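Participant:
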Amino acid sequence: MINKLSDDILLEIFDLYRIAVVESWDHSWTWHTLVHTCRRWRHIIFASPKRLDLRLLCTYGTPVRRILHCWPPTLPIIINYWDSVEFMHPAPEDEDNIIAALEQADRVSRVEVVLSRSQLVKLVAVMQGPFPSLTYLRLRSVDETAPVLPRGLLGGSASTLRDISLDGIPFPALPRLLLSAHDLVSLRLWRIPDSGYISPQAIITCLSTLVRLEWLAIGFRSPISASHRNRPPTPSTRVILPSLTQFNFQGVSEYLEDLSARIDVPQLEHAGITFLNQLIFDIPQLSLFAHRTNVLRFSTRANMYSGPDGVLFSLYYPGATDPYESFSLRVLSKELDW
Amino acid sequence: MTGICNQLSLLSGVGHLNIRVDYLKSGWQDDMESAEWVEFLRPFSAVQMLEVSGEAQVIPHFALALEGLARGMVMSVLPSLRMLRFMGSRRSASVKRFIARQLSGHPIEVHYG
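Chains H and D, in that order, give the protein sequences. Counting from 1, position 165 in the first sequence corresponds to residue 165 in our numbering; the numbering is continuous, with no gaps. Whatever position you read off the second sequence (first residue = 1), add 338 for our numbering.
1) Please give me, in chain order, every unbroken run of the beta strand (DSSP E) with length at least 3 that falls completely inside the region 266-335 of chain H.
2) Between which two residues does the beta strand (DSSP E) harbouring Asp163/H extend?
3) Would you kindly check if the distance between the Cβ of Ile263/H and the Cβ of Leu174/H is under 8 Å?
4) The beta strand (DSSP E) with Asn356/D in it runs from where to where?
5) Among the residues of its own chain, which have a CB less than 8 Å from the CB of Phe46/H, if the five just before and after it don't count?
6) Does the region 351-358 of chain D come into contact with the region 323-330 of chain H, if we say contact requires no fewer than three beta-carbon pairs (one atom in each stretch) closer than 8 Å?
7) Which residues of chain D have a Cβ atom closer than 7 Å to the Cβ of Leu367/H, listed in chain order?
8) Give me the Cα-Cα distance between Leu416/D and Thr209/H, rounded to the nearest whole angstrom.
9) For chain H, is any of its Cβ atoms less than 8 Å away from the one on Arg429/D?
10) Taking 8 Å as the CB-CB limit, is Ser248/H close to chain D?
11) So what's Cys38/H in DSSP terms, helix, strand or just coil?
12) Please state whether the Cβ-Cβ distance between Phe382/D and Val352/D is less than 8 Å.
13) In the DSSP assignment, find the beta strand (DSSP E) that holds Gln250/H and state where it starts and stops.
14) Can you list, in chain order, the residues of its chain whose CB lies under 6 Å from that of Gly123/H, leaving out five sequence neighbours each side?
15) Assess, as a yes-or-no matter, whether the region 304-322 of chain H is touched by the region 244-264 of chain H under the definition of 3 or more beta carbon pairs within less than 8 Å.
16) Please classify Leu5/H: is it buried, with 16 or more other beta-carbons within 10 angstroms of its beta-carbon, or exposed?
17) Do the CB positions of Gln119/H and Glu95/H come within less than 8 Å of each other?
18) Quick check on Glu214/H: does DSSP put it in helix, strand or coil?
19) Which class does Tyr255/H belong to by DSSP, given the choice of helix, strand or coil?
20) Can you give me the Cβ contacts of Ile273/H inside the same chain, cut-off strictly under 6 Å, excluding the 5 residues immediately before and after it?
21) List, in chain order, every chain H residue whose beta-carbon is nearer than 8 Å to that of Gly351/D.
22) Can the beta-carbon of Ile397/D be found less than 8 Å from the beta-carbon of Arg420/D?
23) Using DSSP's beta-bridge definition, name the partner residues of Phe46/H.
24) Kindly list, in the order they appear in chain H, the residues whose Cβ is closer than 8 Å to that of His354/D.
25) At a CB-CB cut-off below 7 Å, which residues of chain D make contact with Leu281/H?
26) Going by DSSP, which residues form a beta bridge with Asp264/H?
27) Mind listing the chain D neighbours of Tyr305/H? Cutoff is C-beta to C-beta under 9 Å, in chain order.
28) Between which two residues does the alpha helix (DSSP H) carrying Leu97/H extend?
29) Can you name the residues of chain D whose CB is closer than 7 Å to the CB of Pro284/H?
30) Hey, quick one: how far does the alpha helix (DSSP H) through Leu402/D stretch, first residue to last?
31) If you measure from the beta carbon of Glu447/D to each beta carbon in chain H, is any gap under 8 Å?
32) Which residues mark the beginning and the end of the alpha helix (DSSP H) in which Ser372/D is found?
33) What does Pro242/H touch in chain D if you count any residue whose Cβ is under 8 Å from its own?
34) Pull up the DSSP beta-bridge partners for Ile77/H, would you.
35) Taking the alpha carbon of Leu402/D as the point to measure from, which residue in Glu374/D, Gly341/D, Gly426/D has its own alpha carbon closest?
36) So what does Ser141/H bridge to, in DSSP terms?
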């Protein structure tokens, strides 16, 4: 019966199946089980790689180097070693498979890896050249001290990147890379160590070119790494971030003051701010920033919660409940656990 | 937090305020004096519904802060209040006295639960 279906009908069925089973967080679907069914199915599927969104998923336990040649050499590669539950870094036997995948630099579209210090050194060594298809770069260090990412990462170009997330990884030369990241939608720099300090002025300079940016998160690991150096005078003009809807910050108020004095965010829907272990707050610029956005103006409900870690203040639009606050401000009163 | 809230002047649009205090440092009365409660509440000039919950000592202290308001300050704190809800607390004479002094011209419901 199924053999009577035309190629077009089968392709339609495969595509509907793909749409039904794919999960946005999963990045891939199990098309490879279908191509093993018969030669005809294999031909139909490989004839429409874009429509069927065929990509090679390299993840924990995948023998990438051994099987890479089995698949069409044009398929994009996703490198995903990101266990968001346990933040498990790849096993030693996975390391060569990651290298094998990264050696296909033209094909790599996503890199999401939780890694140790030594694994980061190896990964960075093979990411010195351009990655012309890379849209998503997400790295998280499991070690307290990660090496500083070099200036030449990705060949110094991020023109295809839409999403950058560095967690616990210092990259002080990032602003230079961002100058080429015109398609960037999400920028998340979190748990920035002392060695990765980037000044507000440097961030602002590159933000001015990121007109598609929708989500910005800047978070320092400690008050020391966020402590502000050489505060400049308040500028007379501000950078407009026309697409930004989500903004998160963790650090000291002086840094946020310098940042918020220099940006206008007309589309902002949520701002989440955490101040680290400060006793005195002087936030006139944050107040002015809030005046220029909707997050405070249209919020009608507020929660103030005091717990063992500090105080959390949240504002909500009418009808919104946790965790969909429009504005949250947390003041931590003890050292972070990391 | 009091200092921060006082700098965020747009809080005057908030109509419903929920305060929960689950953790008190030793000597917390020194940290959160009655005057600080008042200063914390001052930016919330449009609050009609206020809920307070948490540690057993918090609500009596909060109620005392309201009762202790000087006569001239009563109307400047929570002038739009219509409903006051204390979760997990018994009736408070301090609250009753605060309500009696409110001259906003509209009734204020007080709930304990």
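Beta carbons are placed, not taken as given, at the ideal position from N, Cα and C, and that holds for glycine. Keep in mind the model is a prediction, meaning the values are calculated, not measured.
Facilitator: The short version:
1) 270-276, 301-307, 310-316, 327-332
2) Your numbering for residue 163/H matches position 163 in the first sequence. Counting along the chain, the unbroken beta strand (DSSP E) around Asp163/H starts and ends at 163-167.
3) Indexing the first sequence from 1 puts residue 174/H at position 174. Indexing the first sequence from 1 puts residue 263/H at position 263. 8 Å or more divides the Cβ of Leu174/H from the Cβ of Ile263/H.
4) Reading the second sequence from its first residue, position 18 is the one you call residue 356/D. Segment 354-359, the beta strand (DSSP E) holding Asn356/D.
5) Locating residue 46/H in the first sequence gives position 46, where the first residue counts as 1. Hits under 8 Å: Val35, Leu54, Pro72.
6) Result no; under three Cβ-Cβ pairs closer than 8 Å.
7) Nothing in the structure corresponds to residue 367/H, since chain H is present only between 1 and 338.
8) One-based indexing of the second sequence puts residue 416/D at position 78. One-based indexing of the first sequence puts residue 209/H at position 209. Our two residues, Leu416/D and Thr209/H, have alpha carbons roughly 45 Å apart in a direct line.
9) The count along the second sequence starts at 1 and reaches residue 429/D at position 91. No, Arg429/D does not count as interfacial toward chain H.
10) Numbered from 1 along the first sequence, position 248 holds the residue referred to as residue 248/H. Inspection of the sequence shows that residue 248/H is occupied by Asn rather than by Ser. False, the Cβ-Cβ gap to chain D never drops below 8 Å.
11) As a working mapping, residue 38/H is identified with position 38 in the first sequence. Correct three-state label for Cys38/H: coil.
12) Within the second sequence, residue 382/D is the residue found at index 44, counting from 1. Within the second sequence, residue 352/D is the residue found at index 14, counting from 1. Yes, the pair counts as a contact, with Cβ atoms nearer than the cut-off.
13) On the first sequence, residue 250/H is found 250 positions in, with the first residue counted as 1. Its beta strand (DSSP E) spans residues 246-251.
14) For the purposes of this step, residue 123/H is identified with residue 123 of the first sequence, where counting begins at 1. Here residue 123/H is Leu; the residue named in the question, Gly, does not match the sequence. Here the set comprises nothing.
15) No: the two stretches stay apart, fewer than three of their Cβ pairs being nearer than 8 Å.
16) By 1-based counting over the first sequence, the position of residue 5/H is 5. By the neighbour-count rule (16 or more Cβ atoms within 10 Å), Leu5/H is not buried but exposed.
17) As a first step, residue 119/H is located in the first sequence; it is residue number 119 there, counting from the start. As a first step, residue 95/H is located in the first sequence; it is residue number 95 there, counting from the start. Cβ distance < 8 Å, so Gln119/H and Glu95/H count as in contact.
18) Residue mapping note: residue 214/H aligns to position 214 of the first sequence, counting from 1. In this structure, Glu214/H counts as coil in the three-state DSSP scheme.
19) As a position in the first sequence, residue 255/H is number 255, starting the count at 1. Three-state DSSP puts Tyr255/H in a helix.
20) The sequence position of residue 273/H within the first sequence is 273, counting from 1. Only Phe249, Leu329 meet the Cβ criterion.
21) Along the second sequence, read from residue 1 onward, the residue named residue 351/D stands at position 13. Here the neighbours are Leu296, Arg297, Phe298, Ser299, Thr300.
22) The sequence position of residue 397/D within the second sequence is 59, counting from 1. The sequence position of residue 420/D within the second sequence is 82, counting from 1. Contact flag unset, no.
23) The sequence position of residue 46/H within the first sequence is 46, counting from 1. Answer by DSSP bridge pairing: none, since Phe46/H is not bridged.
24) Your numbering for residue 354/D matches position 16 in the second sequence. Neighbours of His354/D in chain H, taken as residues whose beta carbon is under 8 Å from its own, are Thr300, Arg301, Ala302 in chain order.
25) Here residue 281/H is taken as the residue at index 281 of the first sequence, counted from 1. Residue identity differs from the one stated: residue 281/H is Phe in this sequence, not Leu. Gly341, Ile342, listed in chain order.
26) Taking the first residue of the first sequence as 1, we reach residue 264/H at position 264. Paired residue(s): Ile240/H.
27) Position 305 of the first sequence, counted from the first residue, corresponds to residue 305/H. Those are Asn356, Ile357, Arg358, Val359, Asp360, Gly392, listed as they occur along chain D.
28) Taking the first residue of the first sequence as 1, we reach residue 97/H at position 97. In the sequence on display, residue 97/H carries Asn and not Leu. Element bounds for Asn97/H: 92-102.
29) For the purposes of this step, residue 284/H is taken as the residue at position 284 of the first sequence. Result: Gln345.
30) For the purposes of this step, residue 402/D is identified with residue 64 of the second sequence, where counting begins at 1. Unbroken alpha helix (DSSP H) run through Leu402/D: 396-405.
31) To locate residue 447/D, count along the second sequence from 1; it is residue 109. By this cut-off, Glu447/D is not an interface position.
32) On the second sequence, position 34 is the one that residue 372/D refers to. Ser372/D -> alpha helix (DSSP H) spans 372-379.
33) Within the first sequence, numbered from 1, the residue matching residue 242/H stands at position 242. Within chain D, no residue comes near Pro242/H; the closest Cβ sits about 22 Å away, beyond 8 Å.
34) Here residue 77/H refers to the residue found at position 77 of the first sequence. BP columns for Ile77/H point to Leu56/H, Val108/H.
35) Your numbering for residue 402/D matches position 64 in the second sequence. Per the Cα distances, Glu374/D.
36) Counted from its first residue, the first sequence places residue 141/H at position 141. Looking at the DSSP output, Ser141/H sits in a beta bridge with Leu115/H.
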